Amino acid sequence: MLFEILSELIQINDILFIVKNDGATSEIRSDSLSIRQKDKWINLGDNDGPAHMHINSELIKSAKFVEEERPERTSFSVRFFDNDENRILAAFFTKMYGPSKSLIIERKKLFDTLKTRYSIEIQF
């Protein structure tokens, strides 16, 4: 199911994949990413392209759809965790608000549709 949800996320424009730890942060946009899996490794992007990532599918044990209230707006993401609930990867829905700071309903529907299809919390 991990491969399936990642496959759906890369089809949506303006998703920002973020890998973060204490020493570095990597951000890759979903626009025109490819996906493939060989054994336990799921690859997002092309090895010869400007950016790509290798995801160890055996280490990701759960995912959550998160709506996080911020001072001026709500952020929407899918966050992927290991056994200890450490975040390994996050997929943030960007460009969710228009110039007047109003939520773009079509973008919110994309998030809600995935959340309904997979449920708020997923175990892999």
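Just remember that our numbering sits 104 ahead of the position in the sequence shown, which is counted from 1.
Just so you know, even glycine gets a beta-carbon here, dropped at the ideal spot from N, CA and C.
Quick caveat, the model's predicted, so the values are computed rather than measured.
Here tyrosine 222 is not bridged, per DSSP, to any residue.
Our two residues, valine 182 and aspartate 143, have alpha carbons roughly 23 Å apart in a direct line.
According to the DSSP assignment, serine 138 belongs to no alpha helix (DSSP H), since it is labelled neither H nor E. In the three-state DSSP reduction, glutamate 210 falls in the helix class (H, G or I).
Sequence-distant Cβ neighbours of asparagine 147 in its own chain, meaning closer than 6 Å and more than five residues away, are Arg140 and His158. Here isoleucine 192 is actually not in contact with isoleucine 224; their C-beta atoms are around 18 Å apart, not less than 8 Å.
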